Structure formats: C-alpha cells, structure tokens
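For the sequence shown, the positions run -25 to -1, 1 to 632 when mature numbering (1 follows the signal peptide of the UniProt record, and there is no 0) is used.
Here the structure is laid out as structure tokens; the discussion comes afterwards.
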Amino acid sequence: MPPSIEIAVLLLGVLALETRRSASALHIQQAFPSPNHTNNFVVDPVSRKVYLATVNSVYQLNGTLSVEVEKRTGPVEDNLLCHAPQLPQAPCEHPKSLTDNYNKLLKLDREQGVVVVCGSVYQGFCELRKMENISEIAVEFPPQGEKTVFPSMLNIAANHPNASTVGLIFKSHGGNTRLLVGATYTGAGTQFFPKNHSKEDLRFENTPEIAIRSLNIKDLSRLFTYDINPSEDNVFKIKQEVKTKNKLNFVHAFIQKTYSYIAFNNDAKMGHKESQPNSILARICLDTENPRKSTGPESRKLTESYIQMPLQCGFNGNIYNRLLSVYPAEIQSEDGQSSEPYLFGVFSKADRKSALCAFKFGDIEEQIRQGRRNCSNSPSSDVQVLDSVIQGSGAACIQKGNLVLQPEQLDCGAAHLQHPLALRRSLRATPLTEYPGLTSVSVDNVHNHTVVFLGTSNGRLRKLTLLANMTIANQWTLKLPASEAVHHIMTFDPNDSNFLYVMTSHHMLRVKVAQCDQWRSCGDCLGARDAHCGWCTLENRCTIQEECAQGLLARSWISMSEGPQQCPSMTLTPPEISIAADIKDVGILINGSVPDLIGSRVECEYGPGVSTAATVHLDYGPAQIQTCPLLPRENYQPILPVLNCWGQIKPKDKRCQ
C-alpha cells in the first residue's frame, strides 16, 4: 500500500517559489590526502576496497577511503644500469643510491586473490601482493633457489618516473590468466637513459614495447614469461635501429568485446607538424573465455592480430594531436531504442588547448576490416605492414589474387596473412567541446542521456549532460582540493555509478555525481537539465532515482527526459469558495506525473493536526480526480480585514510599507 499523501504537501510542491541558485552538481563525499605524489589506483567491485599506489607507498583503503593498510615500497638502493637484484648471480659494478619507487602498474586479479604492483625500480620489477592485506606478498617471485630466471621475466614495467606503462589482466579460454603490458622503451638512445661513455644497458635491450605474459601463480616457472613458443610471437618489439622513429607513450589499455585496445602517442612525430596526428589506437584479439571461434589449445599470437590506426580530433588545421585520456562507453542512439559503443577521448595541442572527441566503435571495426581487405587484395597506400617489429613481413602489402577473407580473418588476421598492420588514414571526429587544460574523461549513460565528466590540470571536475545529437544541454564545475591536476584515469564506483573515483596529485576522492537537493521545486529540478536528477513526487523533493523511496513505481519519479511539463499541478473546483456558501466538498484535478492514487489513503490537511480523508474518484493516467470534504463552517478562523495606507483592504497581520 503506498503511503498516505497529504494534499497540502503536494500543493506546496506545485506552488513552490522558483528558488534557482547557482551551485555545483557535484559533491566530494570522501577524501584521502596522500603525503606522497599519487600514481595509480584500482577499486575492488566486491569488497569496495580502494588500492592506491603512490611514490614509495601502496595503500589499502576501505569504502569510505579510510586507511586499512599501508606498505612502504621505497626508496631502495638501485641504479638504472643494474639488473634487478632478484636476478640470480647478477652483480652490478655501478654504485647504487637511494631511489624513489614510482608505481607504474596496479592491477587487480580477484580470481587469484592478488594485486599486481609494478614499480620503476629494479628495472620495472613486479610484485604479487595479497588482496586482503596488500602489505603481504602473495607469491614469492622468483622462488627461493630458482636459478632459471631471465631478465625478461623481471623487466616488465617502465623503469623511469616519466616513462609510461599500461596493462590489463584477462583469462584465456584455456583457463590461463595473462597480463598484457605496454611500456615505454627507456634504453640507450632515449631521454630516459643515463648519459655515459658506453652504450651498455645490462637489460640487453630486450624489453618489448607490448607483450602478453603469463600470470598463472600456480606455474611459477613461467610467471611473467611471454607464454608462447616461440615467445617472439607474443611481443611487439620495435627494432633497435628504428626506435627513435617510434617513441611510444602509452595512455590506456582496455577490453571491449573480445578485443584489447591500447591507446598511445608516437612522440617521435611531435614537433614536426602541429597539424599531424600522432595519436594511435591499436587492437589485439584476445583468446578470452568466450572466443568467437575456437583456435585450439594454442593461444592466439599477438603479432597476427595486431593492427593500429591514427585517431584525429579536429579538422582543417585545428587538430588536437596528442591523446591524454580515453573512456569506452555505451551511448543511447538518437532514436532512443538502442545503445551504441563509443570511445571518448581527450586530446590536446601544444598551447594547452584541449578538446573532447568521440569515435564509434562500429567505425573503428569497419576501418580495420577494410584495411585487411585492402592489404590482401591489392597493394594499398592506406595500409602499411610494420617491418619494424620482430615478426614483420615486409613494408608493403602483397596482392594475393582473389582471396576472400572470412569474418574471423578480417577481424583478427591469420598466420598466412601479412602482419602486423598499420592503417595510415586517420579516423576523424569533430570536437564535442573545447576547453583549456583537460586531462581526463569518464562517461556514463544516465536515463538515456550521455553524461561526461572531465578532469583538468588546474583541479576542476566538469560535468556535461549531452543531448542525443551530442550537443551540450548543461554543464557544471567542481573545484577539487588544492587545485591539483586530475589523473587521466577516473572510474565509477562499481556498485553505485552515482559516485566517481577521482585521483589528483595528492588526493584520492569519491565524488557524488549529483546534488539534486539544491533544487527546491519541480520546475527548477527538471529545468536544471541534470540527467541524474528527477522530481520525487510523493516526497516533494529533487533526488536521484535511487534516493526516491517509490522511485521505481510508475509516475513516482519524473526524469529530465519527461520535462517540466510533467510536474504535478492542481485545479480546484470551485476555484473560490465564499464563506457564506453551502459547499460540502471541493473537487481537485491533479495533472502531471503523479502515481495512481486509487487504493491509497489520501488526506486533506487544514492545519496542524486537522485533516479529512479525501476520495479518489477517477484515474485518467496523468490526470486524477478527487474530492476533499470541507470542515464545518465554524471550524474556520475569520480573516479580519483592515484598511491599509492606500485605502485598500488587506489582511490584519500585514503592515503598511
């Protein structure tokens, strides 16, 4: 049975004064200040714990961002020219000094109960720590006494504070857990390598830019190996002589469908032509638990399916040519009947100007298929075979007659097809918005509206509500603590998307994405055009739907899509009542979005503690009719008129002005 409804309260909501005021649509719910510069974070969707990695420390925080565990990870005695001390029989003749440990990779493997923690020290060494207590090592690696250890098993992340690393964990259909890693090359010839008289690099320059590694903790002898024989098939390694032309700076790695996407910039092109895009999106097919087509016991080879394409944000000389942040999201189509996956990206130019662009995954997939067709059927200037990697098969596509590629081959290549491939023609998009200093993006589909959150370099979090045609309906800005720059990764609370986790240079924040209670009337609430906010009719307040007690009932919560025209309104019959008239009931017509009142206890209130039961006669969908019995005439207090300063009648309790 729905709760009793007091007509006086409902009427108050209908007639409330317009009290629109300028305020943020965002609110910092919890905050954790970090004494050290932050690097990475990850959220456990089950326990709601937040794992935060900073320079020289990792933290385990609870759902309210209070510290449960802290573990120091640095500084340590190290030298960039020395092998990791975990490598058996690898002394180093170079002097070591206390070196800060910057976290380069922080990934959660819930199934195995471990957190992968990779730092910049010891040549990018990774540890496996316990999820329930991150201060404890889950797996000792390499095992004590193990002599068959190679540098490639230890050198995983980038070994420099300013060099990038991205990664993701996935499970192959054979049941093996794997770690995909992209890491910036930091060896001889780069800005990261210490200048000395020799070109020695005791890591033997063997760390690939992209690799898939074993992460099965039950098979320690293969842990962090490339997991395929020959191992070169599972790495993307640029040849030494062309590394200066391919300086990869990684942004993010993510899974969409059964593909892994890696977003990066080729910084070797920076400074040549400002209008030349250098933002790249690469795709690798994964053997996940639900593959499109079984490939047998062997894993799919990285180099067979690898393909990359340039992304271009902007046109006609106004091109934002550096990718800063990406976020995949399902967006409602313009017809409102279906959703479509998009990739949102923040891009910048040298002058700090930045923009938000969006690309359809459907366009990405079609461009990849067309590129493979072009490379197979005829020589094409639009496709290049990457001969700069170990398994490259030539710089030009070779015509293979009338070969017809199957859908699986168009998507993921094959051993007999040329690989890996690079598309030369950019996928282009027009900026949705332009704003200085953007650093990060996250996107959500809220009640069939696209809501975009943008972080900035000066500590602002912007919220944009987009219409179906991708134009901006409204926007708000929240100032974050100490105006610190926002990290390029933001993520929604996996249990409640009304909260967004945001990391700044020295803070971990949990931000509530809407402050609906600032709007005091239905018109203000819906007129604000905040997709998170709607009018809770039975409670006479503006809320997110989850905070409206009856919000899931029909017509109990009015959304932005329905608009202010659905706000409740009342018409009284008769509109005016003479105290001398003999009228026992007043009719009330309720319009707008109000729940079905038939069967509910509806009351008419005449003051504190004085009410009568109303009768609901008819429910015409959005219109409802009821009658309210009036009190006996003697129960009403008389209103005594007085003469005001201008000779007009006005109530006794008012004063002349």
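Glycine included, every Cβ here is placed at the ideal spot set by N, Cα and C.
Remember, it's a predicted structure, so these values are computed and weren't measured experimentally.
Remark: C-beta atoms of Tyr236 and Ala228 approach each other more closely than 9 Å. With a cut-off of 8 Å on Cβ pairs, the stretch 424 to 441 is not in contact with the stretch 385 to 399, counting fewer than three such pairs. Assigned with DSSP and collapsed to three states, Met545 falls in strand. Within its own chain, the residues whose Cβ lies closer than 7 Å to the Cβ of Ser458, once the five positions on either side in sequence are excluded, are Asn433 and Gly434, listed in chain order. Assignment of beta strand (DSSP E) within the stretch 369 to 423, counting only whole runs of 3 or more residues, yields 396 to 398, 402 to 404, 408 to 411 and 413 to 421 in chain order. Inclusion of Ser480 and His463 in the CB contact set at 9 Å is not warranted, their separation being larger than that value. For Lys71, the closest of Asn54, Lys212 and Leu261 by C-alpha to C-alpha distance is Asn54. For the pair of segments examined, the stretch 375 to 391 was found not to touch the stretch 433 to 452: the number of CB pairs separated by less than 8 Å stays below three. Scanning the stretch 204 to 230 for uninterrupted alpha helix (DSSP H) segments of 4 residues or longer gives nothing; none is fully contained. Proximity to Ala163 across Pro117, Pro411, Val156 and Thr219 peaks at Thr219, based on C-alpha coordinates.
Looking at Ala(-1), Ser313, Leu572 and Ile552, the one whose alpha-carbon comes closest to that of Pro604 is Ile552. Spatial neighbours of Val51 in its own chain (CB-CB distance under 8 Å, excluding positions within 5 residues in sequence) are listed in chain order as Leu73, Thr74, Asn76, Val96 and Tyr97.
Its Cα nearest to that of Cys350, the residue Gln374 stands out among Gln374, Lys46 and Cys288.
DSSP links Tyr160 through a beta bridge to no other residue.
Look at the beta carbons and you see the stretch 283 to 301 touching the stretch 324 to 338: at least three pairs across the two are nearer than 8 Å.
For Leu62, same chain residues with a beta-carbon under 7 Å away, outside a window of 5 residues either side, are Val124, Pro126 and Leu129 in chain order. When C-alpha distances from Ala(-1) are compared across Thr452, Gly574 and Leu223, the shortest belongs to Thr452. The Cβ atoms of Leu261 and Phe145 sit closer than 9 Å to each other. The Cβ neighbour count for Asp468, taken over all protein chains shown within 10 Å, is at least 16; the residue is labelled buried. Residue pairing by DSSP places Cys511 opposite Arg516 and Trp532 in a beta bridge. Burial of Glu184 is indicated by the presence of at least 16 other C-beta atoms within 10 angstroms of its C-beta. CA-to-CA, the gap between Thr602 and Asn566 works out to about 15 Å.
If you compare the alpha carbons of Ile343, Glu341, Cys372 and Arg344 with that of Ser356, the shortest gap goes to Cys372. Taken through DSSP and simplified to helix, strand or coil, Ile563 comes out as strand. In the structure shown, Phe290 falls within a strand segment according to DSSP collapsed to helix, strand and coil. By the neighbour-count criterion, in which 16 or more other beta carbons inside 10 Å mark a residue as buried, Ile554 falls on the exposed side.
Uninterrupted alpha helix (DSSP H) stretches at least 4 residues long and entirely within the stretch 51 to 132 occur at 126 to 129, given in chain order. Under the 10 Å beta carbon count, Ala529 is surrounded by fewer than 16 other beta carbons and is classified as exposed.
Three or more beta-carbon pairs separated by less than 8 Å are not found between the stretch 574 to 592 and the stretch 542 to 550, which leaves the two stretches without contact.
Relative to the Cα of Leu286, the nearest Cα in the group Asn420, Gln4, Leu484 and Gln342 belongs to Gln342. Inter-residue distance for Ala524 and Cys500 is about 17 Å (C-alpha atoms, whole angstroms).
A distance below 6 Å between beta-carbons, with the five flanking residues on each side excluded, links Lys122 to the following residues of its chain, in chain order: Pro63. Asp468 sits in a strand when the DSSP states are folded into three classes. Within a 10 Å sphere around the beta-carbon of Gly346 sit 16 or more other beta-carbons, which makes this residue buried.
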